[in-house]
Each structure stands twice: as C-alpha cells, then as structure tokens.
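Encoded as structure tokens, the structure appears first; notes follow it.
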Amino acid sequence: MATEVLWWIFAVAIVGVSAGVVFSRSVIHSAIFLILSMVGVGAMYLLLMVEFLAIVQLLIYGGAVTVLILLALMLTRMGAGGAAQKVDGPQMPFALLAGGGILAILVGVAVSTSWPGDVDDQPTGISIELISEKLFQDFGAPFVIASALLLVALVGAIILARQEDAD
Amino acid sequence: MRDYTIFIPEFVAAGGAVLIIALELIWPRIRRDILATLTVLVSLGWIGASLAYIGMGDNNFQGLIQVDNFTTFFRILAGGIIAVVAIMSATYMRDRAKTASEYYGLLLVAGIGMVYMAAARELITAYISLELLSFSLYILVGYLKRDALSSEASLKYILLGAFSSAFLLYGISLIYGITQTTYYDGIADALLARSGDTDAAAVVGFMLILTGVGFKVSAAPFHMWAPDAYEGAPIPITAFLSTLSKAAGFALILRLFTSAIQVDAVEWRWAVALLSAATMVVGNLMAIQQTNLKRLVAYSSIGQVGYMLVVVAAIGYGDPEVGRDASSALLLHIVGYVVSTLALFTAITAIYNRTGDDSIPGLRGLAETQPFLALVIVVSLFSFAGLPFFAGFATKLFMFQSSTTDGLLWLIALAVVNSFVSLYYYLMILRQMYLFDPPEGAARWRLNPVMWCMGAALIGATIAIGVYPGPFFEAAAHATEPLYQQGADLLVQR
Amino acid sequence: MDYDEAQGYVVLSTLCMPLLAALIILFIPGSKKMAIRYVSLIAATAMLGLSIYIFTAYQVAGAGIQMELQWPWVENVGFLGEDGITLHLGVDGISALLVLLNGIVSFAATIVSWKIDFRPKDFFILFWVLVGGVYGTFFSFDLFFWFFFYELAVVPLYLLIGVWGSTRKEYGAMKLTLMLVGGSVLIWIGIFAVFHEANIGTFSLPALYEAAENGAFSTNFQRTFFPFFVVGCGVLAALWPFHTWSPDGHMSAPTAVSMVHAGVLMKLGAFGIIRLGIQLLPEGAAFWMPGLMVLGVIGAVYGATAALTQRDFKLISGYSSVSHMGYVIMGLATMNDVGVTGAVLQMFSHGVMTALVFLLIGALYDQAHTRDLKDYGGIAKIMPAWVVFYTVAGLANVGLPGLSGFTAEFHIFVGTFHSYPLFGGLAIFAAALAAGYMLRMFSIVFFGPTNPRWADLKDLRPLEAMGAVTLLAAIVLMGVWWAPFTDRVAATVTHLPGVIGIA
Amino acid sequence: MVPLENYLVLSAILFSLGVYGVLARRNAVLVLMSVELMLNAVSMNFIAFSAYLDPSRITGVIFAVFIITVAAAEVGLALAIVIRLFRNRATVNVDEAAILKW
Amino acid sequence: MTITEHAYLLAAIPAGMFLLLALLGRYLPRGGDYLGVLATGTSFGLMIAVVANYVQNRGGLGGAFQHGLEAQEFPAWTNSIEWSTVGDFVLRMGIYVDPITVLMLGVITTVALMVNIFSIGYMKGEPRYYWFFAVLQLFVASMLMLVLADNLLLLLISWELVGVCSFLLIGFYWEKRSATEAAKKAFITTRVGDVGLFIGVVLLGKAAGTFNIQDVIHAAQEGHIGSTYLFVSMMFLFLGAMGKSAQVPFHVWLPDAMEGPTPVSALIHAATMVVAGVYLTARMLPAFEVAGDMMLIITLVGLVTALLTGFIALAQTDIKKVLAYSTVGQLGFMFVALGSGAPEAAMFHLMTHAFFKALLFLGSGSVIHATHHHQEMDELGGLWKKMPITATTFLIGSLALAGVFPLAGFWSKDEILHSTLDWGGGWAFILLAFAAVLTAFYTTRLFVRTFLGKPKDQHIYEHTHESSFVMTGPLLFLCLLAIVSGFVVFQDVGKAIGFPGGITEFIFVEHPHVFHIDWALAGTSIAIGVIGIFSAGWMYWGGSTVRSTKLAEWQPGLYDMITNKFYFDEMYQYGIDRGLLGFSFIVSWFDRYVVNDTGVDGSAQITKYSGSVLKYAQTGKVPNYAMGVAIGVITLAVVGLAVRG
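Protein chains in written order, with this note's numbering: chain F, 352 to 518; chain A, 36 to 529; chain B, 414 to 916; chain Z, 745 to 846; chain D, -10 to 634.
Structure (structure tokens):
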C-alpha cells in the first residue's frame, strides 16, 4: 500500500518535473528539472527493486550528464541580445499535437496489451550479482563494443571541442 | 562457447585504428598520405583476415554474434569501402584538416560497427554496433571543424540520430515486453507463440523499429537529415555515408527482418512497401531540383534506398525462397551501388580538390577539361539509372525481378518508373559535362595517378558487374544462405 | 563445330564488331582523327559484309531460329534456374532482314560522318555502342540480353544528339531520351511480370515462348501486360500518341544519328512488338490488336497531315516517319501473314529511305545551315545529284511502285483490307497526303527560280554519294524484286503465334 | 500493488514529453535534454519489463545499462558538436542552423 | 515461242535505254537523242512484229475469219512468272496480249516514235536535253508495261510509274514556278485517283484471291464477288481511271499539264497516258458490266466531262489549253462509249484520237517552237503563210477532231454516237451530239484564230518560220494516219491489212460488232461537224472577235463561268487551303500544344513542379525534420493498428 502511495507521489513528481524540462522558459531551469526528473526515475528503479540501476542512474545522469549539460549551457550562453529569443519554435502547437498523438498510441499499447508472463503482477527483486553475471558473461561482447563506443565518443568530443589556434 | 578467434579481423581493424591514432600522437608531423596508406593496408589486412572465414561453419559467439558468409560479405565490403574512401581522402584531408589520424581511425571503427550490425543476432549487440557506427559518423561528418556547414550537418545528424534511436529503443522495448528476450531466434520463437492480445504492442513495436532502421538508411519520411548531412560532410565522408552507412543499415535489416520478425511479416510488410514507395518518390522528385552535386547524390541515394526497400517488402510478402533470392539480389545490388557511388565520389573528390566547387554547374565542360573523370561520372550515374553495361542494370533488374511477387508488382512498377525519373537528373549532370563548353580559361588538367587508377578500377568493376554479374551474384547468394539456414525451421512453421 | 555453330560465330562477330570498334577507338588518342575514321570505316564495311552474309545465308526453308549460338551467362543462382541467362544469339527471318538494314544504314551513316570534326572519337564510340545495341537486340533470344541491348541502343542518343546536334538540341535530346527510356520502363515492368508468371527461372525467349504455348500466361495476364510491351516498344516505334520525340529528336539530331535512329532504331520498337508482344503474349495481342490498328491508322494519317504544313525538312521527315511507322503498326495489327510481312518490309523500306533522306538533308544543312523550306528554291540547278537522290527517296516515301515503299505498303494494305477494310480505307488517305507533302517540298525546294544565295552550294561529295547509292540500291532492289525479302520474312511470320494466313 | 501498466504509462508520458521537447524547443541543448528524457523513458520501460516479466534473465536491465551508457556518451559528443557550432556560428538555436536546406 | 510471248521486250528496251541515258546521257554527244529514237524505234518494230504475229495466228484459227466467234476463240497470249510468296498469298507477274493490248501497243509505239523524232527538233538547245529523252524512254516503257500487264498489280505499278514520268516531264521547266506547280497538281490529283485504284485493286484481289485480270473478271462474272462489294471496288477502280483520264472532277490537272514541253503533251497528255483510264475501263468492262450501276456512272462521267470541257474550251486562248480541254472532252466521249457497252467504239476513238490529237499537239508545238514560245491565240494569227506544212497538217488534224467526213475522227465519233443510241436512247445521244458540236466549234476557232486572219502581233509574226523536217516529218506521218486510220473500221480494209472484220470486230470479243454505215446517223454526224465549223467560222472569220464579245455581253454570267472554267480550280484551292491545310494546321497545332507541350512536356513539368513543391519541406531546421519523423511514426503506428483492427 505504501509502495503504491509512494509510486503515485513519485510518478506525479516525475511527470511534473519532466514537463518542467520541456515547458520551462529558462534553460537553466530546464536543466535543473532534468536532474530532478532523473532522480525521480532513479527512485522508480528503487521501487522496481533494481537498486544497482538506481545508483547508476543517479551517478551517470544526475551527476555526470547534467553537469556536462550545465557546462555546455554556460559555454554557449548568449550575449545580452540572445536572451530575448523565444524558447519555443514556431511549430510548438504541432509539437503538442504530435506529442499527444504519440502519447495516445503508447499509452494505448501499454494498456491494451496483456503482457505475457505478467503473473504475479509485481516486480521481482534483481540482485546486483545477477546483473554483473549477465553483463559480463552473457553480454560481454556488446560490453566490449560499448567500451569502444565510449572511446569513440571521447575521441570525438576531444577533437571537436578542442580549441585550436584559429578559434 | 566463447571463441574469440572469430573476431580476429576486427582486432586487426581496431588495432590498426589505434595504431594510426597513436602514430600521429607520437609523431605529429607524420605525412597524412602515410596515414591514408596505412588505413588502406589495414583494411586490406582486414579483408584478408575475413577471407579465411568463408564457408566456415557455425561461428557463433554466445548467440550474440554470428560470423558466417553474411558477415564475411560485409567485412569485405567494409574493408573495401574504407580503403577506397581512405585513398579518396588523402589529398582532400591533407588540404583541409589539421589532424587526420582520428579521421582514418574512425573510418575503421565505423567499419567495425557495420560488421557487427551485420553479425549481430541479438538486439543489444546490434544496437550498440549501430551506435558505434553512428557515433563515428557523427564525428566524421563534423570533422571539418572550421567549416560551419560541417558542424551544422553534424549537429543535425546527431540530434536526429539520437531522436530516432529513442524510437528504435522504445520499439525494441515493446518487442522485449512481448517476447522477454533480445535474441533474434528467441524473438522469432516467442512471436510465433504469441497470443492475439499482444498485437497492439507488436505492431507499434515493429513500426518503431522500422522508424529507427528507416532513419539509418534514410527512408522517407525519416530521410530529412540525409541531404543536409551529406552536403555538409567532407566529400569522402559523403561517399562513406552513402555507401557504408546504408549498407550497414541493410545488413541489420536483413538479419533482423529475415529471422526475428519474419514470422510476423504480415504486420510490417505493408509499412515497408509504403516506406519504399514514399522513399523512392521523394528521393527522385527532390533530386530533380538540386544544384549541389553532393545533395543531388544524397537524394538519389535516398531513391536507391527506396528500391532496396522493395526487397525488404518482398521478404515480407514472398515465401522463403523469394526472400532468399531477393536478399541475395539485394546484396548484389548493394555491391553494384557501392562500387558506382565510390566511383562517382572518386571523381567528385578529384574535381573538388582541383576546383573547390561541388555544384553541378561546376562540372561545366568537364568532358573537355578532364574527360576521364567525366567518363567516370557518366558510368556511375548510368549505373545508378540502371542502364546497361553498368552494374545498375543487371543488379537492379535482378533485384526487382527476384522481388516480384503478386502483391508487389505495383511497387516494382513504381520503382521502375522512378528509376526512369532519376535518369532525368542524371542527364542534367551529363548535360553540364558534355553539352557545354568549359568556363573561360579552364584548361585540361592532369589527374593524380592514384585517383586515376582507382577511378579506372571502380568503373572497371561497375562494368564487370553489369556485363558479367554471374560470379558476383553467386557470391551474394552464398552470403545470404546463412540467413535462411538459421531461419529455415521457423519459416517452415510459418 | 558444325555448320550452324560456325554461322553462330558469324553472328557473334557481327555483334562484337561495333563494340570492338568502340573499344579500339577508345584507345586511340582523340587527336588522331583519321585513324578513328578509318577504324570506323573498316568496321562499318565489315559489318555491312557480315550483315549481307547473314541475310543471304538465312535458309528460307528452315524458317525458325538459325545461326544459333548459346553461351550460359548466369545460371542456377538466386532466382535464376537452368539457362537462367544465356547469351543466346541467332537470327530468324525477321531479324535477318533488320540486320541487313542495320548493316546498310550504319555503313552509310559511318561514311557520312567522315566529316565530323568535333570530337570524332567520342562520336564514334557512342555511335558504335548504339549500333552494337541495335545488333544485339536483333540477335538476342534471351530476354535479359534483349533488354540489355535495347537500352544500350537508346542511351548513347542523348549525347550524340546533345553534343553533335543542332536546333534546340538539348530539348530534343532530353525529350527523346526520356521518352524512349520511359517506354523501356514499361517493357521492363512487362519483363518482370512475364518472368514471374512463367516461373521457370529463365530469361530464354524460346523457353518462354514454349511456356506461353503451354498456357503459362493466363488470358487475363496476357491482356494486362501486352499493353506494357506494345506501348513500351511503341514509343520507340513512334506509336501515336507517343511520337512527339520523333519530329523534335530528328530535328535536333546530327545526320548520322538521324539516319541510324530513324533508319534502324525506330524499327527496334516494332521489332519488340513482334518479339515480346506477339510472340510472347499472343492472346493479349489478339485482344489488343484492334486498338493498335486504330492507333496505327491515326498515326499514319496524323503524321501525314501534320507533315503537310511543316517548314523544316527534318520535321517533314519526322512526321512522315510517324506516318510510316503508323503503317508498320497497322501491318502488325492485322495479325495476318501478309500484313505482318508488309510491316516488316516497311520497317526495312522506311529504314533505308529515311536514312537516305536524312543523309541528304544533312548534306545540304552542313553547307547551308538552314532547314527552312522557304529559304530554298531551285536547288535542282545547283545540286542535281542531290535532287535526284532526294526525289527517289521522296517518291519511295510516297509509295511509288518500283521503289521499296510500294512493296511494303502494298503488303500492309492487302493485309489491312483483309482484316480491317474500313481502317485500310481510312489509312490510305495518308498515302495521298504523302504525295502532297513530298511534292510540296519538292516544288518549294528543288524547283522554281534559283536563289543566288545558294549559288556556292556543292553537290554531294563522293563519300556522301557512296552512302546514298548504297541506300538507293536497297530501295530499288526491294521495290523491283522483293521475293528475297518476302521469302525470308514470310518464312518466319507465318509461324508467329496468332498470325493467320490469307487464303 | 503497482501494476506493470503504471510504469509503462509513466514511461509513455515521459517519452511523449521528450518528443514534444525535441519538436518544440529551439535551443540545441534543450533538444538534447529532451532526447535524454526519451531515453530515460525507454530505460524505465526496459527495467519495468525486466522486473515484471523477465526477472530471471533480466535482459531488459542489461539493455538499460547499455542505454544509459550510450546516452551519456551521446550527450558528451552532442555537446561537443553544439559547442563546435557555437564557435562557428555563435548560435545554439537549431532553427538558425539551417544553411543546409532544400 | 513467239514474239508475242516476249512482248515485254517492247517495254524492256526503252527501260534499259532509260538507265543508260539517265546515267550516261550527259556524256553522250547530243545527249543521246538518237538512242531514244533507236529504243522507241525498236519497240515500234517489235510492235509491228507482234501485230504480225498476232494477225497471223488469228488468221490461223480457222483460215478464214468468221463473225460471231466465241470469246475464248480469240487468241490471247499470256506469259507469267511467280514473283513472290507470303504464305498462301502468291503474286505472279506477267503479260497478257489480246486485241486491246495490240491496239494500245500500236498507238503507243507509233506516237512515241513520232514524238521522239519531233523532240529532236523541238527540244534542241534545251538544258537537260538528255534527261528529257531519258524520261521519255522510261515513260514509254512504263506505258507499254501498263497495257501489257496481265495482272492488276503490275498494272498499278506501271500506272504509277507513268504518273511519275508525267510529273517529271510536266515539271521539265522547273525553273518556272508555274511548271512546278502544274507538275505537283498533276501528280497529286492523279494520285488521289490512284489511291482509289489501289483500293480497288486490293479489294478485287482480296475477293478474287488473285490479281490476274482475267481471273478477276471471271470471278466477277461468275458472281463470286458480292454485288455491293463488287460495286464498291469497281467504283474505286474507276476513280483511278477518272484521275488518270482527267474526267470531271479530276480534270483540272490536264490543262495545267500543258506547262510541260509540247512533245510531252502530245505523247502523254493526249495520246497515251491519259487514255490509260479508258484502257483500264475497257479492259475491265466485263466486270463493270456486272457491277451494279457502274455503266451508267461511267456514261454520266463521260457525258459531263465532254460537255463541261467543251464549254470551257470555247473560251480558252492558249492553243495548248484548248487542245487540252479538247482532249479531256474526247476522253469523255470514250467513256460514254464504254458506258454504253461499246468498248470497240471507245478503243477505235482512242486510236484515231491519239493520232490526230498527237498531230494537233505536235502542230501546236511546231507553232510554239517557231514563234519562240508564244502560244496565246491573241498574239498569233495568219501563220498559214509562214508555216504552210504545219498549217495544213494542223487543219487536217482539226477537221479530224471536228469529225469531218471522211477523216479518222468522223468514223470513230460516229461509232460512239451510234453506241449511245444503241444503249440509252435519245438523251445521251443528244447531249453527246451537242458536245460534238462544241468540239467542232472550238476546233475551228482555234484554227481560224491561229492560222488565218491578220497577225495580231507583227513582231512575233515576222520572226516565225517553218520548222525543220525533223519536226514536220512526224507531222506529215501523223497527218496521214489522221486521214486513213479511220478506215480500219471497214471490214475490207481490215482484211487487207490482216485482221478481217475491221477494228470493231478486232477489238472486242464478246459482242462482235459488225460495222455497217448507218447513213442517217452519218448524216447527223456530218451535220454536227458542219454546224460547229460554220458557226465558229461565222464568229471568228478573219480574226475578228466582235461577235464573240457581243455574246459575252449578252450573257455575262455564263461567260464568266466559262472563262473561269466553272471555278473548279478555285473550289479546289479553297478546299485545300481551308480544308486540308487548315486541318493540317490544326493537327500540327494539336501535336505541338496538346500532345507535346501538354502531354509530354506537361508530365515532365508536373514531375518537376511536384519536386519543387516537395523540396520546401526540407527546411533545414532540426525540429521540422524531427516532426517528419514523428509524423511518420504516428502514421505508421495508427495505420498499423487500424489495419490490425
């Protein structure tokens, strides 16, 4: 029962802050809302009893990614003239429609489908051992590729963002 | 069973990539040509190493990665594309970028991404490989740092790429929700056994996956990034995008659509046919309007994707035999298309190196100033248009012929009509080169012998495929065999 | 190697000759213009000889495919089964005649192209590719190669017209190429359908014919896809209303290209209607032929009518080609042996006489640089030989007995009156109109007071005269003694499926 | 008990909000943040599926791990490109980065 | 083997000569005119041999000729070879010699020889001299082939070939615009008829299963051909005859054809080619007889032509034009005879007409040559003194044409009048008799105004001189024929020269017509001639035109009609300009703007246009692109769910 109440609280909060991310007038506010949203999702993972992922979520998203975003926002901050610009583009109303359409479809799918294997209708706890076993044994190969991917992203970020003489 | 030996070719490639990057770090003044040459050598080594796997039996890595003829085919294709693009890039990058080692390294890494897209038999692996390829491409497109267009192209590419990845992932999650697995075979089994209650999730899942892969191969209406990215990218990368990235997309599609979701073809085949029709129409109609060569090629390659998607639709509409034949014809077509495209870009790069102009009117009078390149362009364009003597004729004919099923004749007809429309804008290019005199003061110029040889080799290959397609077709047929061997049981059940 | 196989190699070498010439010229530096011309001349002469040989060596008694040569090309892979694609060469009576036509016309066209001084290398390469494509189409008994060569013959036209042409050449070239390739698109679709429907995994035409005989193609299928072949090929054969490339294309094309194009290439379309339409889908043919007859009649009268008021030489010839190809279509549509034979004869006849006309127009235009009839007058005084040739060609065009046009039209009309008397009566107006537009041109251009502006015009030069004489000989031979032609054609035509005999 | 559908609906809402953000916002960084929101939603989907339907194999969780990895890398790379664009053009407005068109 | 079986040699020799002259003529001394004469001379000689052979064999039939022989007992030689085969469709080519052929051979070779000789003088010094002779040979060859042909196809071939020769020769002076136009007109007008002939031939061939003339006739007679079908095909056939023989309404080309050199007019447009229509009709007459109302149509066409051109000829001032209209009129006479079922009369008139009309034309040629190409009567006059031989022969020719006893024209015209009486009774006879009066009238007018009276143009008159013997010789020879050729109508004359029974029995087969003079009719004929001659003499004697002017003032409307040739040319011109050319412009316009610009270019434009509209979707803005993706996703998903239900 308590889980349910908690869930609803978190759910409403997540939706609220996520809406804040996309509807906020201020870029910085959006970034902060994003952090909150990430944290909320992390809490959801706790409710789903996948503690490891919750931690990963907090560390990587809540920490690294948002910091990176804030950094980028600061680096690309406009001068005085830039601030007056509208935050939303001209197709905002259509964006609402499209978002609504996708929401309708996805919610419809989620609700109308009876998911196979959903027997006891509640999450089963997933231990970190199981995760590590799966991740490093069964999915070792993608893990290696992912490391290459990170390397590539790293190299790319460096060569693209690197200040050069001409800049 | 963890048999790491099946990764040896990629070890070669990755090692080569690291070596190349390291070389420039250690020795910053190294000549760029040497890096390019090194890349070529590495890719040749990669191809060489891959050849050993031809016809080798079951080389499965934990059910995740399958090294079979299909994989080998794409290994060779990747190596070939990278080698050609590296040669193409040598002069181009020397003149335009401060460092080049990452560039060549990323070419190789992108190739690795492609190979694992082709080899993956599991969705996580496929997704990660796809992102590996995409990341490399994002960087390569934006590699010309001080070029605003390059950065803009890169930004568009990565934002939209990430956006579409999200759709792809959501689709995968829905399929996962139905099947509780990400292995292709497992998905196929589960889908076969699924009840009607899961239809909504399955359909939407398929559509979202289609969106994701459609974006990768730039199928309309998910194609809009492509012209901008192609135009903004460095010319060799445009070639790379239109060959390797597309081939990779189709590698993934073939693996996935012939096994995992083949059983539910009835749910997605119409969508593929629709996308195919839209793609070829949009690509060809828009191409008519273009004045920039790279942009035109972008649209034309979108049109080509439309034709290739016909095969995917045929996989859905036909029986396994049709699917197998169509898939092999698609591989053959990809080879022909890749060879022609590379030939075209060899010429465009050489011209751009000389004139700094990549607009179509910039080709004015090329037949006078550089007849060989004009010939190369003609051959490749005619090959695209599917005119005889050149690869496109035979490969397109085979592709469409093998895709002909009762339900798809309209699409084939549309495809043929479209390839006719495409002839118009190809002829517009020809017109500039042959019908007009060169601009004032343009003299005949000599071509770099390496580029000359490469151009000659590529048009030679184009003509060889066009005139005597037999061996190539057989090779392609061997490459598709494993796809259908593994899925055979399922197909029988279906 | 038996006799027929040896003959097969003759066919093969005829096919290879133009392609070989193109290849050799490719490796001759562009500055060595004479070498290029001599290579072309030798090739053309050899082709003429080989074509004549093939025509004469064709055994009337044997009727079917002769001089066969079959090399497997791609088989047992993918969707292709046994004999999937074979390089299957050979001739039947119809193609024997058309091969001869190609030999004659391309020979004449080569020697009038002697004077081309602007990038002759490129010109001749493209020209030989074109000729090779035409030969290949006539020789191929494999659908893949048939289509391969068919397209091959169409494509070089764009550059040939665009680079070496005149008068709105870009427009003409683009329109011509697009319309012709557009037609081949329909053929292509038809090929897909036929291959799929036959489901025997081979492109071999004899095999497909056999399948057709055994009922592989349902009536419905035949009726659906026959129009694809007919309209597709019909575009090339200037089938009304898909003819408009013809006047414009001819107006723009350089002499040699006009010659080969009007002379041979248009016949490829009509040939395709026989090869793919009638032979492959006889029931479809039976169903659609009345409609085709209507189009043929409209084309015949329409072309002649439109030619009546044109002011450009080439437009007149272009429209008259539409009219004459209308006769060909009519002949095919009769579906009786005399009519179809007449159609094939008309292909030959129209080929040589139009080639001659274009040769002559070219000879005049090269000097005078105008093709407006009204600019001329009294040319007969300055260029008597030219006028004589033109008069003969023009009269052949009108269908004067003793010249090839009559022979062909006679057979066509006999066939038409046999099957569709009313249409025959309508179409024959075109014959009267032909006299109108031809004589109108004669009287404006050849006769009347001589305009002093043209006093310096030279008569035909020896090379041109040689080409003209070659063509003229063919015109007269067919007009006077047509048995050698009808024998070969009829031998095959009478065995076409669905073609009935006139008793 | 919280049923699976609840998570799925929540995820759908997040995803749709992300879609809206990508479509509506003009700042490239905000677009990127919206994409992150979408990826988050997907991760949640996977984990929910994994926890409810597939606790033994937990492939979904693994997938989520990879998604988070990729997303992080993507952000890094994308931001580098945004900064690159800013240096070249002094703007992060995606509507203004439209030299390439038509 | 007899010479008759190889009668094709008659045609082959001139044909060979044509090739020789056309290719080498310009290098030969004097353009090879002697070779032309040689060729026609040889043909003439062969003709004599053929006639002799024919007569001999005919004589051999029964030793003595009997009246009333059955048709098949008249010998006819055939000789044919297989020409081509398409399935069961076999074409044979060959010759067929029967009395009509023999007669035609005689006429053609004789006139051709005379004209060839005459031309040596007349064409002297003309440019393209050799070419003239070359084409003349081709004409002779084709014309002979035409009459020799045993099948309709060969006939058609020769038919068109003579048309071409006519075209080439009318347009011989192509520097003159009028000559070119006349040639064009002649060719196209006859071509329209030829197309009819072509249709007729094809239809008959289809129905009879063969093109052999005798077989076709046989089939028609036996009723193997449906009656309507037969009528239609014979009608088409007759169209060809009308075109070639310049019957109304196709008559317009013949007067214009006088633009050609005068010997050509004599040969082609008086004696031979224009009678091809008569020949064809006579040849096919058995089939015409069974073809519904064809006979009536033939008669009517002939009558209308004879009358109409008779009127027109009254007001012509050009010597040759008068003769041309006269020719048309006389051909009308022949058609009346044919329509009346009297082919022997028609052929008889054909023969006599050929001789005296050739004579008249050559005579006029002599005048024209002598006056250096002045042929308007208003410029001539009083030439009798200057050129007596020409004048005398011309007078005899005129009298023959007018039908004065006992010249050739009298007998043949008499026969025709007789046949109309036999056939249709009064009305045709009266109308035809009136036409004969007109003939006599304009002939007299022509002679009077040209040769008598005072010279109207002194300058021309003074420079005139009699022609050389090479020209007067043929005149004299033809004059002789014009006098005597009529006598062959008598049985005794016929017997004397080898064919007993006279021309009328010689010619025809089925209804041998025994000639005997009907003096009442002969009297009428004589009266007709006298009325015509004297009224014309009264009007024009002494070169005066006062009376005719008064006549014109009395009936200006009629006069206008006549001088303007009943406005036929204007009507045709209007029809061609407004009708045909207008239609052609419409078709051209349609072709350009509807088929090409709208249909072909239009579809290209639409394609291009849709591309240009579509391209604005490519805004370059990421949100728009993302919107594209989103819309795609939504569409696919919604459709997918909907399809799934």
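Ideal placement from N, C-alpha and C gives every residue a C-beta, glycine not left out.
Residue i, buried or exposed, once every other Cβ within 10 Å from all chains shown has been counted against 16
i        : result
Leu209/A : buried
Tyr556/D : exposed
Phe605/B : buried
Ser381/F : buried
Ile106/D : buried
Met103/D : buried
Arg64/A  : exposed
Phe487/F : exposed
Phe531/B : exposed
Trp400/D : buried
Asn627/B : exposed
Ala474/B : exposed
Cys26/A  : This structure cannot settle anything about residue 26/A, because the visible part of chain A is limited to 36 through 529.
Neighbour flag for residue i against chain D, beta carbons, 8 Å
i        : result
Ile453/F : yes
Gln324/A : yes
Ile509/F : no
Any chain A beta carbon closer than 8 Å to residue i
i        : result
Gly588/D : no
Asp489/F : yes
Residue interval of the alpha helix (DSSP H) (run including residue i)
i        : result
Pro275/D : 274 to 278
Val252/A : 234 to 252
Cβ-based neighbour list, residue i, same chain, cut-off 6 Å, excluding 5 preceding and 5 following
i        : result
Gly549/B : Leu428, Phe562
Met702/B : Ala746, Met748
Same chain, Cβ closer than 8 Å to residue i, neighbours up to 5 away in sequence not counted
i        : result
Phe766/Z : Position check: residue 766/Z holds Val in this sequence, whereas Phe was assumed. Counting only Cβ-Cβ distances below 8 Å, and skipping sequence neighbours, we find Val775, Ser778, Val779, Met782.
Endpoints, the beta strand (DSSP E) within which residue i is located
i        : result
Pro485/B : 479 to 487
Arg37/A  : Unbroken run through Arg37/A: none, as it is neither H nor E.
Tyr85/D  : 78 to 86
Gly503/B : 498 to 504
Within-8 Å CB hit, residue i to chain F
i        : result
Ala808/Z : yes
Query - Touch test, the region 757 to 765 of chain B against the region 836 to 847 of chain B, Cβ-Cβ under 8 Å, three pairs minimum - result: no
Query raised in the report: Is the region 502 to 509 of chain B close to the region 899 to 911 of chain B, with three or more CB pairs under 8 Å?
Result: Pairwise C-beta distances place the region 502 to 509 of chain B in contact with the region 899 to 911 of chain B, as three or more of them are shorter than 8 Å.
Query raised in the report: Contact between the region 329 to 338 of chain A and the region 191 to 200 of chain A: three or more CB pairs below 8 Å?
Result: In short, these stretches do not touch, since the Cβ pair count stays below three.
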